Amino acid sequence: RTNPSGDTSVSVTAVSEPKDPNHPPVRIRTFFSTIDIPHAQVSTQFKIFVELKKGELVVREAHVVASVTTPDGKLVQVRLKDNGAGADLIEQDGIYSGFFIGFSIEGRYSVEIQAHSDGGTTLITANHSPGGSSGPRRARRSAEPVPFERYDNAGVFSVAKVDPGLVYPPASIRDLRVQQALYMENNTRAVTLMWTSPGAHLDEGTCTNLTILASRERRSLQTQDTSDGFYTITNSDIVNGTLQPLESGKPQEVTFLIPDAWLPQNNSAHDVYFVVRTSNADGISSKRSNIATANFFVEQEPNVSKGETLSASRTLFCLVSAFVLWFGFSVVL
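Numbering follows UniProt numbering, with no gaps: position 247 of the sequence shown is 247.
Shown next, in the form of structure tokens:
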């Protein structure tokens, strides 16, 4: 039908239902951290969430993209991830998350979601404890891939004010952990750290620099005090991996040596604490990561392994036994 006053655009959304209730389709649900942003600034961390479920099972390893149209007509795409890093809180819970940082002007921002299977897409049993933490999950891989494609008109969110020249810092690392802490053959201490790489601007892009700080005092890292007792890991300390930041969302692993001169001179048990911070090409640094702890226990005597000690004990036992048999003494061992 033609409108006499001019052409009118009409949008139609079709919703389908399954024929067999025992075989539900993959369903999509989109929600935002808020729908009204009074002031878009560096402290504003607006998140888009997409939940994918097939009945009671959640869908993992899908490809999910949010397309955001700004009030001035620009299209900004955001890749949503379910990896437990950046905007995402829990890995593999079927909720894909991402930060939106493309604020340009005040007004209404419309959001559309496209999600589809991505080769390794599988189903997994959701099992959350009442407190909201993630419980154990049992992966359920289908004999066949789980192909699907879904679209969702997610609605709009509104922004009342935008800071001019808004540039976001990298997201802080939340999953820094010590994979290994040990003494090398020359008694030098070695540590392996692992974390998920943040983006240059929250979880988008790639950082240009990363710094690993070591401290003998946990409190100094908690108070952000860098005046004393810190050691900065350099390229000359690295034995495996690199201090070059990786792409956002990629796991990074670095093994390095800690100079003996910086550590206690005795062999008593002690801990070393680590944080990582990153920066982007705009010269903006992230907040420090969570604190990871390396535990160094009492050092063993050099050049005497457990196997060598056991071998020496067996040799002594054999010598004593031979002495008893030869001279007829009664000896209690």
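Cβ atoms here follow ideal geometry from the backbone N, Cα and C, with glycine treated the same way.
Note that the structure is predicted; figures quoted are calculated from it, not measured.
Contact between LEU257 and THR192 does not hold, since the beta-carbon distance rounds to 11 Å and is not under 8 Å. The beta carbon of THR34 lies closer than 6 Å to none in the same chain, with the five residues before and after it left out. With contacts defined by Cβ atoms closer than 8 Å, ALA115 and LEU75 do not form a contacting pair.
DSSP, reduced to helix, strand and coil, places ALA261 within a helical segment of the structure shown. Rounded to the nearest angstrom, the Cβ distance from LEU210 to VAL275 is 11 Å, too far for a contact under 8 Å.
DSSP places GLN222 inside the alpha helix (DSSP H), whose first and last residues are 218-222. Note on ASN83: 16 or more other CB atoms within 10 angstroms of its CB, so buried under the neighbour-count rule.
Here SER11 is exposed: its Cβ has fewer than 16 other Cβ atoms, across all protein chains shown, within 10 Å. By the Cβ rule, the segment 67-74 does not count as touching the segment 35-44, because fewer than three pairs are nearer than 8 Å. Here DSSP, grouped into helix, strand and coil, assigns ASP152 to strand. Between ASP152 and THR30, the C-beta spacing is below 8 Å.
Closest in alpha carbon position to PRO169, among HIS23, LYS287 and ARG27, is LYS287.
Ranked by Cα distance from GLY120, the options GLU61, ILE90, ILE173 and VAL156 are led by GLU61. For VAL111, the uninterrupted beta strand (DSSP E) run begins and ends at 107-116, by DSSP. Taking C-beta atoms as the reference points, VAL146 and TYR96 fail to come closer than 8 Å. In this structure GLU247 is exposed. Its beta-carbon is surrounded by fewer than 16 other beta-carbon atoms within 10 angstroms.
Uninterrupted alpha helix (DSSP H) stretches at least 4 residues long and entirely within the segment 25-49 do not occur. The alpha-carbon separation between ILE48 and VAL78 amounts to approximately 9 Å.
HIS23 counts as exposed, since fewer than 16 other beta carbons sit within 10 angstroms of its beta carbon.
If you draw a straight line from the Cα of VAL159 to the Cα of GLY107, it comes to about 5 Å.
Residues LEU243 of the same chain have their beta carbon placed closer than 7 Å to that of ASN235, with the five preceding and five following residues left out of the count.
Selection ASP260, PHE46, TYR109 and PHE103 evaluated against LEU80 yields PHE46 as nearest (Cα-Cα). Rounded to whole angstroms, GLY98 and LEU202 show a C-alpha spacing of 9 Å.
Counting along the chain, the unbroken beta strand (DSSP E) around ASP271 starts and ends at 270-279. Under the DSSP assignment, GLN77 falls in the beta strand (DSSP E) whose first and last residues are 75-80. With fewer than 16 other Cβ atoms inside 10 Å of its own Cβ, GLU149 counts as exposed.
Taking ILE291 as the centre and dropping the five residues before and after it, the same chain places the C-beta of LEU176, ARG218, LEU221, GLN222, TYR273, PHE274 and VAL275 closer than 8 Å to its C-beta, in chain order. Closest option to SER117, judged by alpha-carbon separation, among THR13, SER289, PHE230 and VAL58: VAL58. For SER285, the three-state secondary structure derived from DSSP is strand. Between HIS270 and GLY199, the alpha-carbon positions lie close to 34 Å from each other. In the structure shown, the three-state DSSP call for ASN235 is helix.
Between VAL239 and GLY205, the alpha-carbon positions lie close to 27 Å from each other.
Taking a 10 Å sphere around the C-beta of PRO164, we find fewer than 16 other C-beta atoms and assign the residue as exposed.
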